[in-house]
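Step one of this worksheet: look at the structure below.
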Amino acid sequence: MKIGIITFHASHNCGSQLQAFALQQTLLKLGYDNEIIDFSNQGSREMYKTIPKIHPLKRGIRGRLHYWFKSIMFYKLLKKQAQYYNTFINNNFILSAKEYHSDNDLRQEKFDYSHFIAGSDQVWNICCPDADTAYYLDFVENGKKIAYAVSTGATIIKEKAKDIALYKNLVNDFYAISVREKNSVSQFKELTGRNDIELLIDPTMLFTQNDWEHYFDLNSPIIHGDYIFYYAFHYDHEVNKAVMDIAKKYCMPVYIIEARAWGPLNARKDGLSLCNESGPIVFLNLVKYAKMVLTTSFHGTAFSIIFRKNFWFIDSIIHNPKDDRVKTLLEQVKLTDRIISSEQLYLTEEDKAPDYQQMTDIIQSLQGKSIAYLKENLS
3 MKIGIITFHA
13 SHNCGSQLQA
23 FALQQTLLKL
33 GYDNEIIDFS
43 NQGSREMYKT
53 IPKIHPLKRG
63 IRGRLHYWFK
73 SIMFYKLLKK
83 QAQYYNTFIN
93 NNFILSAKEY
103 HSDNDLRQEK
113 FDYSHFIAGS
123 DQVWNICCPD
133 ADTAYYLDFV
143 ENGKKIAYAV
153 STGATIIKEK
163 AKDIALYKNL
173 VNDFYAISVR
183 EKNSVSQFKE
193 LTGRNDIELL
203 IDPTMLFTQN
213 DWEHYFDLNS
223 PIIHGDYIFY
233 YAFHYDHEVN
243 KAVMDIAKKY
253 CMPVYIIEAR
263 AWGPLNARKD
273 GLSLCNESGP
283 IVFLNLVKYA
293 KMVLTTSFHG
303 TAFSIIFRKN
313 FWFIDSIIHN
323 PKDDRVKTLL
333 EQVKLTDRII
343 SSEQLYLTEE
353 DKAPDYQQMT
363 DIIQSLQGKS
373 IAYLKENLS
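To convert, count from 1 in the sequence shown and add 2; that's our numbering.
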């Protein structure tokens, strides 16, 4: 018995790489031989290129050229950051012997896996730049297909898919399906007519803080003194201003780890400081030692909970209301009061940490449900 995992392991994104690591290690701890299928399509490779391609028809040629020139200006910084992510991939994943760059590459391969797992992360989001039907395991001829805590982000397939029947058939070909947010439960029930869609936690939350510290050395803070760690997928100017207002209120610097946001996308002009190091392990370190975590990210929220931090999820104007990933997670752990608008942020007691008194029992229950799902469907 051997399991092949397909997920966004090659993304230069801390959450993507850490969830891939957690799922692989969880399966190993349960006694299942597995490897991550080393797949990244053209969209993924372009998205994380140090110097982006210029697409004249996307977002206007002027904006694309401006971004391209800014990336050239910060080339050394961007190259250094990319190395952190590539090093994490090389040092921490068990990968397939071959790399695959297209769905057709995968279809040509005769895999010997008895089981295939798709997920977690937004692998079923059909509108993201690295979307691919390969993440729906359309290349698999033999073997049991299982979806673990897959996410569609804010995408409703019935509204966005050109061929709805294609996705209905792909999803229905799965032996077992679990998703990460409530909107995915409802939409896949409607799409397929199935009533066995389970809601499970992201793989990162299958680990406790002690588990993460077992795998990675987090004994010494990278940044000394009190600081705010600000982690976002997109560093919006108005949200940046709200974060800096909190920083001034508590006389703390704000650190981010995303060089592209700080440099080419100008977040530095809002007063944000860039950590000298980057990558998933640095992310864990900054979460652990932060006085406060402010985030607009799902995994920024998840790791704040894992490390029992004083955190706030900023529900800004750029947040798609159809995206209920964070809301679902915070409902599961009874911390919905940590969702706050950027306008309200300065008006609340920002230094008041959540009540984590009942958290251990809640998390253990959610972990137990996820482990039972894996064991049952991998038997």
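Each residue gets a CB set at the ideal place from its N, CA and C atoms; glycine is no exception.
Keep in mind that this is a model prediction, so the values were computed, not measured.
Alpha carbon of glycine 265 to alpha carbon of alanine 374, nearest angstrom = 45 Å
Give me the Cα-Cα distance between asparagine 106 and leucine 139, rounded to the nearest whole angstrom.
-> 12 Å
Output the distance between the C-alpha atoms of aspartate 363 and glutamine 44, rounded to the nearest integer angstrom.
-> 43 Å
Can you tell which of Lys170, Thr206, His14 has its C-alpha closest to the C-alpha of phenylalanine 190?
-> Lys170
Starting from the N-terminal side, write out each stretch of the beta strand (DSSP E) that is 3 residues or longer and does not extend beyond the stretch 171-220.
-> 178-181
Taking C-beta to C-beta, are valine 245 and leucine 296 nearer than 9 Å?
-> yes
Near proline 282, which residues of its chain fall below 7 Å by C-beta distance, leaving aside the five closest residues on each side in sequence?
-> Cys16, Gln19, Leu20, Phe90
Note down the Cα distance separating asparagine 94 from aspartate 219, rounded to an integer number of angstroms.
-> 13 Å
Could you pull the start and end residues of the beta strand (DSSP E) that threonine 297 belongs to?
-> 294-297
C-alpha distance - isoleucine 1 paired with valine 328, whole-angstrom precision = Since the first and last residues shown for the chain are 3 and 381, residue 1 lies out of range.
Closer than 7 Å by C-beta to tyrosine 69: which residues in its own chain qualify, once you throw out the five before and the five after it? Chain order, please.
-> Pro54, Pro266
Rounded C-beta distance between phenylalanine 309 and glutamine 211? I'm assuming under 8 Å.
-> 5 Å
Buried versus exposed, by CB contacts within 10 Å (16 or more), asparagine 379 | buried
Identify whether histidine 236 lies in helix, strand or coil by the three-state DSSP scheme.
-> coil
Beta carbon of glutamate 200 nearer than 9 Å to that of valine 181 = yes
Check whether the Cβ atoms of tyrosine 102 and isoleucine 7 lie closer than 9 Å to each other.
-> no
What is the DSSP secondary structure of isoleucine 96, counted as helix, strand or coil?
-> coil
Count the other CB atoms within 10 Å of the CB of phenylalanine 71; is the residue buried (16 or more) or exposed (fewer)?
-> exposed
C-beta atoms of proline 5 and glutamate 37 nearer than 9 Å = The sequence shown places isoleucine at residue 5, not proline. For isoleucine 5 and glutamate 37, yes; Cβs fall inside 9 Å.
Inter-residue Cα distance where the pair is lysine 146 and serine 381 | 10 Å
What do you reckon, are the CB atoms on lysine 112 and threonine 330 nearer than 9 Å?
-> no
If you run the structure through DSSP and keep just helix, strand and coil, what is lysine 55?
-> coil
Exposed or buried, which one is asparagine 127 when buried takes at least 16 other CB atoms within 10 Å?
-> buried
Evaluate isoleucine 316 with the Cβ neighbour count: other Cβ atoms within 10 Å of its Cβ, from every protein chain shown; 16 or more gives buried, anything less gives exposed.
-> buried
Buried or exposed by the 16-neighbour rule on C-beta atoms within 10 Å, applied to alanine 355 | exposed
Hey, would you say alanine 234 sits closer than 9 Å to glycine 155, going by beta carbons?
-> no
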